[in-house]
Amino acid sequence: TSVVDRWGRAHDHENLFVVGAPTIVSSGCANGTLTFCALSLMAAEEIAKG
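In terms of our numbering, the sequence shown opens at residue 22 and continues consecutively.
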């Protein structure tokens with residue numbers, strides 16, 4: 022099971038968002054910087070929606 026949903030929102034805490042490397046459960050073979058940037062943007066858009 023995961024700690025966050027697809028937007029990075031913690032399941033147990035409605036106003037807590039987690040973005041970046043901790044949300045990826047498996048390691049990749051390439052630099053994940055762009056992936057983490059995309060996850061951060063997705064979470065920011067969800068936060069802005071309210």
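Note that the Cβ used here is the ideal one computed from N, Cα and C, for glycine as well.
Does the Cβ-Cβ distance between residue i and residue j come in under 8 Å?
i	j	result
residue 64	residue 38	yes
residue 25	residue 44	yes
residue 49	residue 42	no
In whole angstroms, give me the CA-to-CA distance for residue i and residue j.
i	j	result
residue 40	residue 29	6 Å
residue 46	residue 34	20 Å
residue 51	residue 62	20 Å
residue 27	residue 67	10 Å
residue 71	residue 31	15 Å
Helix, strand or coil, according to DSSP, for residue i in the structure here?
i	result
residue 42	helix
residue 51	coil
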